[in-house]
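Engineer: For the sequence shown, position 230 (counting from the first letter as 1) is numbered 778 according to the numbering used here, and the numbering increases by one without interruption.
By construction, the Cβ of each residue, glycine as well, lies at the ideal position given by its N, Cα and C atoms.
First the structure, then my questions, so here it is.
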Amino acid sequence: MATIPTADSMLAEIQSETLNTLLTSVRWEVSPPGSTQIHALDAQFFSSMQHHQMTHSSLNGGDLIEVQGPPASGKTHFLYHLIVTSILPSTVLGIHLSSWDKAAVIFDTDGTFSLLRLRELLLSRLGSLLRAASQTDNASISLGDITKTAMARVHVFRPTSSVQLAASLLNLPSYHAEHLPGDVIGIVAVDSVSSFYWPDRFTVEQMNSGDAKGRNSSSNPLHHFLTSLQKIRASHGPVVVLTNWGLNPLTKLTRDSAPTMLYKQHLNPFPNLAPPYPTEERDANSHRSNTSLWNPSLTHHITLPFVPMTPFIPDASIQEVQEQEMNYRKEIVDRGEVAGIVRTSGCARTGRFTFRVCCDEVVVDSEA
Numbered sequence: 549m550a551t552i553p554t555a556d557s558m559l560a561e562i563q564s565e566t567l568n569t570l571l572t573s574v575r576w577e578v579s580p581p582g583s584t585q586i587h588a589l590d591a592q593f594f595s596s597m598q599h600h601q602m603t604h605s606s607l608n609g610g611d612l613i614e615v616q617g618p619p620a621s622g623k624t625h626f627l628y629h630l631i632v633t634s635i636l637p638s639t640v641l642g643i644h645l646s647s648w649d650k651a652a653v654i655f656d657t658d659g660t661f662s663l664l665r666l667r668e669l670l671l672s673r674l675g676s677l678l679r680a681a682s683q684t685d686n687a688s689i690s691l692g693d694i695t696k697t698a699m700a701r702v703h704v705f706r707p708t709s710s711v712q713l714a715a716s717l718l719n720l721p722s723y724h725a726e727h728l729p730g731d732v733i734g735i736v737a738v739d740s741v742s743s744f745y746w747p748d749r750f751t752v753e754q755m756n757s758g759d760a761k762g763r764n765s766s767s768n769p770l771h772h773f774l775t776s777l778q779k780i781r782a783s784h785g786p787v788v789v790l791t792n793w794g795l796n797p798l799t800k801l802t803r804d805s806a807p808t809m810l811y812k813q814h815l816n817p818f819p820n821l822a823p824p825y826p827t828e829e830r831d832a833n834s835h836r837s838n839t840s841l842w843n844p845s846l847t848h849h850i851t852l853p854f855v856p857m858t859p860f861i862p863d864a865s866i867q868e869v870q871e872q873e874m875n876y877r878k879e880i881v882d883r884g885e886v887a888g889i890v891r892t893s894g895c896a897r898t899g900r901f902t903f904r905v906c907c908d909e910v911v912v913d914s915e916a
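Set out below in structure tokens:
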């Protein structure tokens, strides 16, 4: 005879959430963040099976995006572009800029995020948009005020450990309420999520070599970070962007390698993309996997390129090696183009996009 469930057991199966989380979900469903303004990238995001019905926004509130690549591959400049898109007003002097008019919170764990560089790129983007609309005269009058207002939406924190990063994320709702109550947080970015990889790895190895009683997932520094990250996603619904090192390529890199390579994930635990094709097990556990506090799924994964170096001339002198390296680096800088690969959770399609890093602007393929 089947056991009749009790009232307590039925109530225990009901999913609960705070009123703030519910209101955030409704707000982002009705008014999603916006688009990246990179046409090919937005096209990939629009193709996602998880995408909402809004045609003007390629992103959903709470999207989790990993940007992975080796040093100097363009990760931070890609982040600059997204931040400028977030903090610029949606309209200026009656001109529609397709920006978000929202705040951006950056956790600069590498210590390399430059507000001066961000302001330079913002001024360049704003000037280009206004010139394109033939509003040069009016723009010169209000450009400084517009820039000042936009930069006031940028909030940078510089934690020095994974524990500090997790604590800062946990405190973000209080900071938001006190310091920017009139702004919606459009982007939360961590640049880079790998900054504390080596000390965290040492900590985990020390724990694993000790008493087995202390070995549990909650002792891993990444556990605290992911738990805090998931809570801010649920409560405020920002687009979350995590830049990450590309340490271990999936295939051996050579001069003849493809311009863009994929990398293994060196962080553990860390969010992954959901497989492209549904399975019974995945469908049965989809709700639980999406709401896990410390192991959320990535929404999108972006890989930026490894740029292979030309092999040095055999028996070359130090001076010849230096000259060869200088010439090759100059060629890369002059070209300035970055080609990325984007994959979306639950989607078998792989997209590609490009952008160019110039001395005073980031140029994107904004049109088809």
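Could you compute how far the alpha carbon of I866 sits from the alpha carbon of T791?
Structural biologist: Mapped onto the sequence shown, residue 866 falls at position 318. Mapped onto the sequence shown, residue 791 falls at position 243. Between I866 and T791, the C-alpha separation is close to 35 Å.
Engineer: Is the CB-CB distance between A896 and P853 below 7 Å?
Structural biologist: Walking along the sequence shown from the start, residue 896 turns up at place 348. Walking along the sequence shown from the start, residue 853 turns up at place 305. Result no, Cβ atoms of A896 and P853 do not sit closer than 7 Å.
Engineer: Specify the secondary structure class of P797 as computed by DSSP and reduced to three states.
Structural biologist: Counting from 1 along the sequence shown, the entry for residue 797 is found at position 249. The answer is strand: DSSP assigns P797 an E or B state.
Engineer: In its own chain, which residues sit with a C-beta less than 6 Å from the C-beta of S596, not counting the 5 before and 5 after it?
Structural biologist: Along the sequence shown, one-based indexing puts residue 596 at 48. Excluding positions up to five away in sequence, the list reads T892, C895.
Engineer: Does the region 735 to 753 come close enough to the region 667 to 682 that 3 or more CB-CB pairs lie under 8 Å?
Structural biologist: Touching, no, given that fewer than three Cβ pairs across the two stretches are closer than 8 Å.
Engineer: How close, in whole Å, do the beta carbons of I850 and V632 come, if the pair is a contact with beta carbons under 8 Å?
Structural biologist: By one-based count along the sequence shown, residue 850 stands at place 302. By one-based count along the sequence shown, residue 632 stands at place 84. 17 Å between Cβ atoms; not a contact.
Engineer: Which residues mark the beginning and the end of the beta strand (DSSP E) in which T898 is found?
Structural biologist: As a position in the sequence shown, residue 898 is number 350, starting the count at 1. Segment 898 to 905, the beta strand (DSSP E) holding T898.
Engineer: On the DSSP letters alone, give me the boundaries of the alpha helix (DSSP H) that T775 sits inside.
Structural biologist: Here residue 775 refers to the residue found at position 227 of the sequence shown. Element bounds for T775: 769 to 784.
Engineer: Cutting at 6 Å between CB atoms, please list the residues of its own chain near S634, excluding the five before and the five after it.
Structural biologist: Taking the sequence shown and counting its residues from 1, one reaches residue 634 at position 86. Result list for S634: W648, K650, A652, G734, I735, in chain order.
Engineer: What residue range does the beta strand (DSSP E) around H849 cover?
Structural biologist: Residue numbering aside, residue 849 sits at position 301 when the sequence shown is read from its first letter. Unbroken beta strand (DSSP E) run through H849: 848 to 851.
Engineer: Quick one, which of N608, I613, E871 has its alpha-carbon nearest V738's?
Structural biologist: Mapped onto the sequence shown, residue 738 falls at position 190. V738 has its Cα closest to that of I613, out of N608, I613, E871.
Engineer: Near P721, what residues of its chain come up, given a Cβ to Cβ distance below 8 Å and the 5 sequence neighbours on each side ignored?
Structural biologist: Within the sequence shown, numbered from 1, the residue matching residue 721 stands at position 173. Only I780, S783, H784 meet the Cβ criterion.
Engineer: Go ahead and pull the three-state DSSP assignment for D913.
Structural biologist: Here the question's residue 913 lines up with position 365 in the sequence shown. The answer is coil: DSSP assigns D913 none of H, G, I, E or B.
Engineer: Nearest-angstrom Cα distance between S776 and T697?
Structural biologist: Mapped onto the sequence shown, residue 776 falls at position 228. Mapped onto the sequence shown, residue 697 falls at position 149. Whole-angstrom Cα-Cα distance: 29 Å.
Engineer: In the DSSP output, which residue or residues are listed as bridge partners for Q616?
Structural biologist: Taking the first residue of the sequence shown as 1, we reach residue 616 at position 68. DSSP output for Q616 lists N792, T851 as bridge partner(s).
Engineer: Of the residues L815, T584, V741, L641, which one's Cα is nearest the Cα of I917?
Structural biologist: Outside the shown range of the chain, which is 549 to 916, sits residue 917, and nothing can be said about it.
Engineer: Thinking H724 and V905 are a contact (beta carbons under 8 Å), I'd like their distance in whole angstroms, please.
Structural biologist: Counting from 1 along the sequence shown, the entry for residue 724 is found at position 176. Counting from 1 along the sequence shown, the entry for residue 905 is found at position 357. With 8 Å as the limit, H724 and V905 do not qualify as a contact, their Cβ atoms being about 31 Å apart.
Engineer: Would you identify the three-state DSSP class for I552, choosing helix, strand or coil?
Structural biologist: For the purposes of this step, residue 552 is taken as residue 4 along the sequence shown, with counting starting at 1. Coil, per DSSP.
Engineer: Is it right to say N608 is buried, meaning 16 or more other beta carbons lie within 10 angstroms of its own, or is it exposed?
Structural biologist: Taking the first residue of the sequence shown as position 1, residue 608 is located at position 60. With 16 or more other Cβ atoms within 10 Å, it is buried.
Engineer: Excluding sequence positions up to five away, which residues of its chain have a Cβ less than 6 Å from the Cβ of F593?
Structural biologist: Mapped onto the sequence shown, residue 593 falls at position 45. Hits under 6 Å: S606.
Engineer: In the DSSP assignment, the alpha helix (DSSP H) including G675 goes from what residue to what residue?
Structural biologist: Counted from its first residue, the sequence shown places residue 675 at position 127. Segment 663 to 680, the alpha helix (DSSP H) holding G675.
Engineer: Which same chain residues, not among the five before or five after I889, have their C-beta less than 8 Å away from its C-beta?
Structural biologist: Translated into the one-based positions of the sequence shown, residue 889 becomes position 341. Cβ within range, chain order: T808, L810, I850, T851, T898, G899, R900.
Engineer: In whole angstroms, give me the CA-to-CA distance for I586 and V912.
Structural biologist: Position 38 of the sequence shown, counted from the first residue, corresponds to residue 586. Position 364 of the sequence shown, counted from the first residue, corresponds to residue 912. Their backbone Cα atoms lie some 6 Å apart in a straight line.
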